[in-house]
Amino acid sequence: MDNFIQIKDVAKTYWSNDGKIETKVVLPLSMTIGEGEMVMFLGPSGCGKTTLMRIVGGLETPDQGTIHLHGDLLTGPDRRRGMVFQSYSSYPWLTVRDNIKFGTRYRKDISAQEKEEVTDHYLNMVGLKRYADFYTNRISGGMRQRVAIARTLASSPDVLLMDEPFGALDAQTREYLQFQLMDINKAEKKTTIFVTHDVEEAILLANRIVIFSSRPARVVREIKVDDILSIEDRRNGTADMDRFFKLRAEILELIRAEYAHTLEEA
Amino acid sequence: MFKSLFAFRKPLNRRTDLVLGITGFILFLTMWEITVRSGVIRPEFLPSPVAVVQAFVNLFVERNFASDIVISVSRVWFAFLLSVIIAIPLGLLMSTYRFAGAILEPFVDFVRYLPVPALVPLLVIWFGVGETSKIAVLWMGTFFQLILMISDDTKRVPVEFVESGQTLGASNGQIMRHIIIPAALPNMIDSLRITMGWCWTYLIVAEIVAANSGIGHVIWSLRRFVKTPEVMAGIITIGIIGLLTDQAFRYAHTRLFSYLRR
Ligand SMILES: Nc1ncnc2c1ncn2[C@@H]1O[C@H](COP(=O)(O)OP(=O)(O)OP(=O)(O)O)[C@@H](O)[C@H]1O
Ligand SMILES: [Mg+2]
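Residue numbers (the UniProt record's numbering), protein chains in the order written: chain A, 1 to 266; chain B, 1 to 262.
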């Protein structure tokens, strides 16, 4: 299904508290995302990526425009769109396992027994079995983020929304999680929107990369990475390096140009 | 050994903590005893620690002080619980729904700044000199503070906790029960502990002005006969009860919220 998520003419403006200064964050913007597609959002800081993602997640209401999922008009947040936040949002009063299990808490499609199984499945997937009974302030930041990801996956959303989920992590953990995400994607084909500042991460994970302009966000360029580098090659580390670097340079140049606008404006 | 005492913003081990706490008291008592013995201050004004201990025993033996303690403690707990059971739901409501906050906050802020001692005459006119007016004084002194503290505690729950709950499919009621309350509970228990302290302050105000029983009444009536040791024993009793209550709250806090320990 090609238009699994349909973003139509979405716009958002923030007003300063005294109502005098307006900040147009998203211009009327339209986009479709296919079922099972992994879309990476890139763009200069402050351009409106988080805002757009939060609108898709139902956590922010657009001033105009609509979002349809599978043909249904979306209004508020619900279990169909799972969100992984940049800051660690695992619950400190629950153990690692109970945090992940919390993801299944409001599911009515599976039995209590199945909830235990789903919990164990994702606990193993993110490699935290040994830490199952730890409270989350006793584990590292990277582990906490894995807990948050596993919890979201356990809720079985139709769409996974990830806002710089690996932004605060060290290089090794980041790489480990990137490959885990690729494995998950191979196994489950989750429709995913992923915001990142890391161009290589984008190239590694994306089916498609969307590059945004400086604020207000509009789409500058869409790149179907699959047409340039096959996902298998990227996963196995056998991708053509020339193409990889050429693509990387091209994307960096686009973002740099947009970033320059941001500075001019300021 | 000494170096570990000065570890910057690091916890000490429990033993050291306890020893230091007791040392503080002993230092204070020693200074006190020295001051009295040096004769700079007349014993009617500052009796020696030993005299105070004797007075303390006398209070129990001769004045049936235990029953006064029971009465004061019951008043404090009754008023405390009355504040808590109303303030918690209202505080939650205030932090959850903007309209409730908009209605209640200015009013609560206003009442919160009224000096409670000044309200005592009014409360006596309204409720007489019986138990009701004492409970009313304590309640006035704590309820309006507590409601704001509870509201703030819940407001401080990170947005991400609430929003992740929403995207996991929790209803508003479920978010309140399964996320906001557990997340805010440690701070709420701390708020209760602090409120308990205020209860004791206002209890004495209430018992001094209008009572014929309770620790405050005992202290105030002995004052007339300049029984300084007894007055000080009474004051110290409150300190001890306060200390014990506070420690009980802290103990419960560490037991209940062991997950906060690093
Ligand atoms: N609640 C808000 N009220 C007012 N302005 C806001 C609010 N949220 C975001 N903004 C503004 O909207 C703009 C876009 O913010 P957004 O967080 O969407 O950017 P971003 O693309 O995610 O940036 P980054 O890459 O740095 O995370 C910023 O200029 C920000 O100041
Ligand atoms: Mg952002």
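All C-beta atoms, glycine included, are put in the ideal place defined by N, C-alpha and C.
Continuous alpha helix (DSSP H) stretch holding A/E201: start and end: It spans 199-205 - the alpha helix (DSSP H) in which A/E201 sits, taken as one unbroken run.
Any non-hydrogen atom of ligand 1 closer than 8 Å to A/S89 Cβ: A/S89 Cβ: outside cutoff for every heavy atom of ligand 1.
Residues within the segment 19-42 of chain B neighbouring chain A, beta-carbon criterion of under 8 Å: Residues passing the 8 Å Cβ filter: none.
CB contact below 9 Å: B/I179 versus chain A: By this cut-off, B/I179 is an interface position.
Neighbouring residues, chain A, relative to B/L260 (Cβ below 9 Å): By Cβ distance, chain A contributes P92, W93, Y135, N137.
Residues bridged to A/I223 [DSSP beta-bridge criterion]: Beta-bridge pairing links A/I223 to A/I209.
Beta-carbon proximity list for A/T51, same chain, < 7 Å, skipping 5 on both sides: If we look at A/T51 and ignore the five residues flanking it on each side, its Cβ neighbours are K12, V25, V26, E60.
B/I215 versus B/S72: straight-line alpha-carbon distance, rounded: The straight-line gap separating the alpha-carbon atoms of B/I215 and B/S72 is approximately 6 Å.
Simplified DSSP state of B/Y259, which is helix, strand or coil: Three-state result, B/Y259: helix.
Chain A contact residues for B/Q166, given Cβ-Cβ distances below 8 Å: Think of a sphere of 8 Å around the beta carbon of B/Q166: the chain A residues whose beta carbon falls inside it are G58, L59, G76, P77, D78, in chain order.
Extent of the continuous beta strand (DSSP E) to which A/I67 belongs: According to the DSSP assignment, A/I67 belongs to the beta strand (DSSP E) that extends over 64-69.
Residue range of the unbroken beta strand (DSSP E) whose run includes A/K20: No residue range can be given for A/K20, since it is assigned to no beta strand (DSSP E) and is classified by DSSP as neither H nor E.
Extent of the continuous beta strand (DSSP E) to which A/F41 belongs: Where A/F41 is concerned, the enclosing beta strand (DSSP E) stretches over 38-42.
Buried or exposed (CB count within 10 angstroms, at least 16 for buried), A/Q172: A/Q172 comes out exposed.
Ligand 1 heavy atom lying under 8 Å from the CB of A/L161: No; taking the cut-off as 8 Å, the Cβ of A/L161 has no heavy atom of ligand 1 nearer than that.
Contact test: A/Y14 Cβ vs ligand 1 heavy atom, cutoff 8 Å: For A/Y14, the Cβ falls inside the 8 Å cut-off from some heavy atom of ligand 1.
Counterpart residues of A/I7 in DSSP-defined beta bridges: In DSSP, A/I7 forms a bridge with A/M31, A/I67.
Three-way DSSP call (helix, strand, coil) for A/T61 in this model: In the structure shown, the three-state DSSP call for A/T61 is coil.
Cross-chain neighbours of A/R81 in chain B, by beta carbon under 8 Å: Correct list: T167.
A/M143 versus A/T152, A/Y131, A/A154, A/L153, residue with shortest Cα-Cα distance: Ranking A/T152, A/Y131, A/A154, A/L153 by CA distance to the CA of A/M143 puts A/Y131 first.
Buried or exposed by the 16-neighbour rule on C-beta atoms within 10 Å, applied to A/G103: It is buried - the Cβ of A/G103 has at least 16 other Cβ atoms within 10 Å.
Heavy atom of ligand 2 within 8 Å of A/V195 beta-carbon: A distance criterion of 8 Å places the beta-carbon of A/V195 in contact range of ligand 2, judged by its closest non-hydrogen atom.
Secondary structure, alpha helix (DSSP H): runs of 4+ residues fully inside the segment 209-242 of chain B: Here the runs fully enclosed are 215-223.
Own chain partners of B/W200 with C-beta closer than 7 Å, once the 5 adjacent residues on each side are dropped: Counting only Cβ-Cβ distances below 7 Å, and skipping sequence neighbours, we find V76, I238, G242.
Where the beta strand (DSSP E) containing A/V159 begins and where it ends: A/V159 -> beta strand (DSSP E) spans 159-163.
Short CB-CB distance (under 9 Å) between B/S171 and chain A: Chain A contact via Cβ: present.
CB of B/P186 within 9 Å of CB of B/L260, strictly: Cβ distance < 9 Å, so B/P186 and B/L260 count as in contact.
Neighbour flag for B/L92 against chain A, beta carbons, 9 Å: False, the Cβ-Cβ gap to chain A never drops below 9 Å.
B/Q174: contacting residues in chain A (beta-carbon distance under 9 Å): The answer, in chain order, is R105, Y106.
Beta-carbon spacing of A/L123, A/I149 below 9 Å: Cβ distance not < 9 Å, so A/L123 and A/I149 don't count as in contact.
Any chain E beta carbon closer than 9 Å to B/P182: Here the protein chains are A and B, and chain E is not one of them.
Distance CB(B/L82)-CB(B/W32) smaller than 9 Å: Cβ atoms of B/L82 and B/W32: not closer than 9 Å.
Extent of the continuous alpha helix (DSSP H) to which B/M140 belongs: Per DSSP, B/M140 belongs to the alpha helix (DSSP H) from 131-155.
Chain-ordered residues of the segment 130-161 of chain B with a beta carbon less than 8 Å from chain A: Flagged, chain order: P158, E160, F161.
Any non-hydrogen atom of ligand 1 closer than 8 Å to A/L169 Cβ: No heavy atom of ligand 1 is found nearer than 8 Å to the CB of A/L169.
Segments assigned beta strand (DSSP E), at least 3 residues, entirely inside the segment 84-155 of chain A: Those beta strand (DSSP E) runs which fall completely within the segment 84-155 of chain A and span 3+ residues do not exist here.
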